[in-house]
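So the structure is just underneath, and the comments pick up after that.
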Amino acid sequence: MSTAYHNLSEFDSSTLPDASDMRFGIVVSEWNDNITLPLLNGAVQALTENGVPEGQIFIQTVPGSFELTYGAAQMAKELDVDAVIAIGCVVRGETPHFDYICQGVTNGISYLNATGDVPVIFSLLTTNDMQQAIDRSGGKYGNKGTEGAITAIKMVQMRRNLK
């Protein structure tokens, strides 16, 4: 999590495993695309900068963050990927809708990770206002998409180490 105390977007790439033979799916929400597109760009940039060829990165969109779980599940099932990164943004509004969407996506991604063979990385921003989302999608607290990509590389390596 990016905060004033810790920015995970700043990392030492020399500590990462070789990712040149890894394949990644990225499912990204179209809702709040002013935030999700910079997150997507951060993820793709981090993957390619760490050796993943662009042809080994598969991107699909879903309408909103609630659909990220289904999108991630289908990518893990239908594509030959080592990990899936789920990118979305939910900004708190005036109704409890925020709570239901955030909880649903959290539970869904957790379920996929607990029951599946492909790690699904949670890159869902859940912010109180749009400024917090901007700060975490390339602003002063880094880019959560970048963090998701780095996490995905590390989780693929962890899984490979167990085989």
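Just so we're aligned, residue 45 is where the sequence shown starts under our numbering, counting upward by one. Quick reminder that beta carbons are idealized off the backbone N, C-alpha and C, glycines included.
Nearest residue (CA-CA) to residue i, options the options
i      : options                       : result
Ile131 : Pro140, Thr92, Val149         : Val149
Val128 : Thr139, Ile165, Ser58         : Ile165
Phe110 : Leu169, Lys198, Asn85, Val200 : Leu169
Arg180 : Val135, Ile197, Arg203        : Val135
Thr195 : Gly183, Ser167, Gln176        : Ser167
Cys146 : Arg67, Asn172, Val125, Thr159 : Asn172
Ala63  : Asp77, Gly115, Val125, Leu81  : Val125
Thr80  : Met66, Asp65, Val106          : Val106
Backbone secondary structure at residue i - three-state DSSP
i      : result
Gly160 : coil
Val200 : helix
Leu123 : coil
Val96  : coil
Ser58  : helix
Ala63  : coil
Pro140 : coil
Gly148 : helix
Asn205 : helix
Gly192 : helix
According to DSSP, residues forming a beta bridge with residue i
i      : result
Leu169 : Cys133
Asn187 : Ser181
Ile103 : Ile70
Val128 : Gly69, Val164
Residues near residue i in its chain [Cβ-Cβ closer than 6 Å; skip 5 each side]
i      : result
Met199 : Ala127, Pro163
Phe102 : Gly69, Leu123
Gly86  : Asn187, Gly189, Thr190
Trp75  : Gly108
Gly192 : Ala87, Ile129, Ile165, Ser167
Gln100 : Arg67
Own chain residues within Cβ distance below 8 Å of residue i, not counting five before or after
i      : result
Leu84  : Ile70, Val72, Ile103, Ile131, Gly189
Ala120 : Gly69, Val128, Leu156, Gly160, Asp161, Val162, Val164
Pro210 : The question about residue 210 has no answer here: the residues shown for the chain are numbered 45 through 207.
Cutoff 7 Å; reference residue i; Cβ partners in own chain excluding five residues on either side
i      : result
Ala117 : Leu156
Ile197 : Leu60, Pro61, Ala63, Met66, Asn94
Thr113 : Val149, Gly152, Ile153, Leu156
Tyr144 : none
Arg203 : Pro163
_Quick check: the region 86 to 106 against the region 149 to 160, are at least 3 beta-carbon pairs closer than 8 Å?_
no
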